[in-house]
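Peer 1: Each residue of the sequence shown is one higher than the one before, starting from 287 at the first, in this note's numbering. Using N, Cα and C, we set each Cβ at its ideal position, and we do this for glycine too. I am attaching a structure below and will ask some questions about it afterwards.
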Amino acid sequence: MAPALTVIVSLAGLYLLWSIAASLWPSRAFPHPNQVWAVLVQDTLNGELPYNLAITLARVIAAFVVAMVIGSVIGILLGTHRRADQFFNPWVVLFLNIPALVIIVLAYIWFGLNEVAAIGAVAVNKIPNVVVTMREGARALDPRYAEMAKVYRFSAYDRLRHILLPQLQPYFAASARTGIALIWKIVLVVELLGRSNGVGFQIHLYFQLFDVAAILAYTLAFVAVMLFIELLMVQPFERYATRWRRRAA
287 MAPALTVIVS
297 LAGLYLLWSI
307 AASLWPSRAF
317 PHPNQVWAVL
327 VQDTLNGELP
337 YNLAITLARV
347 IAAFVVAMVI
357 GSVIGILLGT
367 HRRADQFFNP
377 WVVLFLNIPA
387 LVIIVLAYIW
397 FGLNEVAAIG
407 AVAVNKIPNV
417 VVTMREGARA
427 LDPRYAEMAK
437 VYRFSAYDRL
447 RHILLPQLQP
457 YFAASARTGI
467 ALIWKIVLVV
477 ELLGRSNGVG
487 FQIHLYFQLF
497 DVAAILAYTL
507 AFVAVMLFIE
517 LLMVQPFERY
527 ATRWRRRAA
C-alpha cells in the first residue's frame, strides 16, 4: 500500500473510531468529530484560527532560533574545551532539571508579561538540551581534519564551512528535530499563563467556557501545522545531514 494511501486509511479509521465512541457516549465533554470540524471551519473563516496560529508559530520560530544559536555555540565551546566543560557541567545539569513551569513563572515575575519574557522562557528551557547534543558532537570531531586544516592553512571561515559544520550536521539535525517537538509544547504553556493571544491562550479561554470542541479544534489545527513542518522541513533536513551514512538494506 502506498504511503499516502496508508495515511488516508489510518486517519479514516481514527475518524470512524472517534465517531462511534462519541455516538455511544454523547457528552459535551466528548464531542463528535463533525462538531470539532464545524468549529475549525468557523474560526478559520472568521480569521480567529489563522491569526492565533500565526502568533504561536512566530513565537515557536523565535524561541527555536534563539535556543539553537545560543545552545550550539555553548555546546561546541564546552565540547572543545575540557576545563570549561568540567566547570560548567553542573550548570548544564541544573538547568536540564529545572521544571519548565518554574522558568516560565520566574521569567514573567522578573521581566513582566511581555514577548521578551515569553520567548526567553521557552528558549531557556530548550538551550540545555541543545548544549548537551552539540557538546557530544564537538567531542566526536575528528582531530585529523583539524590537523589537515592547519597544514593547508585554512582560514577561520574555511575551517567552519569545510571542517566543523559538515561533522556537526547530524547533531544540528537531531537538536532541531527534538527542539521543534519540545518548544511548541512549552509555547502553549507560556501563552496559557501570560499572553493574550495565541493557541495556548485560546485553549485556556475555551477551557473556562468548557468548550471541548473548540479546544480540540485549535489543538488539532496546531498539531497539523507542526506535523507539516516536521514532514516537509525537519525530516528532509535530517536526511540531507546524514546522507553520507550507509542505509540499511
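(1) Assess contact between the stretch 402-416 and the stretch 468-480, defined as three or more Cβ pairs (one per stretch) separated by less than 8 Å. Is contact present?
(2) Can you list the beta strand (DSSP E) stretches of 3 or more residues lying completely in the stretch 380-460, in chain order?
(3) Do you know how far the Cα of ALA324 is from the Cα of PHE316?
(4) Where does the unbroken alpha helix (DSSP H) through ARG345 begin, and where does it stop?
(5) In terms of DSSP beta bridges, what is SER313 paired with?
(6) Classify ARG481 as buried or exposed, calling it buried when 16 or more other Cβ atoms lie within 10 Å of its own Cβ.
(7) Check whether the stretch 347-366 and the stretch 410-430 are in contact - that is, three or more C-beta pairs closer than 8 Å.
(8) Please state the DSSP three-state secondary structure of ASN483.
(9) Throw me the rounded Cβ distance for the GLY465 and VAL473 pair, which I believe falls under 8 Å.
(10) How many angstroms separate the CA atom of VAL416 from the CA atom of SER358?
(11) Taking C-alpha atoms, which residue in MET519, ASN400, MET354, GLU422 lies nearest to HIS367?
(12) Could you round the C-beta distance between SER305 and PRO319 to whole angstroms and report it? I think they count as a contact, below 8 Å.
(13) Can you tell me the Cα-Cα spacing of LEU363 and LEU291, whole angstroms?
(14) First and last residue of the alpha helix (DSSP H) that includes PHE508?
(15) What do you get for ASP329, buried or exposed, if any count of 16 or more other CB atoms within 10 angstroms of its CB means buried?
(16) Pull up the CB-CB distance for PHE523 and ALA462, whole angstroms please, since I reckon it's below 8 Å.
(17) Where PHE373 and ILE294 are concerned, what is the direct C-alpha to C-alpha distance, given to the nearest angstrom?
(18) Suppose contacts are defined by Cβ-Cβ distances below 9 Å. Is LEU326 in contact with LEU506 by that definition?
Peer 2: Result, derived from the coordinates:
(1) yes
(2) none
(3) Looking at the two C-alpha atoms, the distance is approximately 15 Å.
(4) 334-366
(5) For SER313, which the question treats as bridged, DSSP gives the partners PHE316.
(6) buried
(7) yes
(8) Three-state DSSP puts ASN483 in coil, outside helix and strand.
(9) The Cβ separation is near 12 Å, so there is no contact.
(10) 6 Å
(11) Taking only the C-alpha atoms, the option nearest HIS367 is GLU422.
(12) 6 Å
(13) 46 Å
(14) For PHE508, the enclosing alpha helix (DSSP H) covers residues 498-515.
(15) buried
(16) Right, the Cβ-Cβ distance comes to about 7 Å (below 8 Å), so this counts as a contact.
(17) Linking PHE373 to ILE294 through their CA atoms gives a straight-line distance of about 52 Å.
(18) yes
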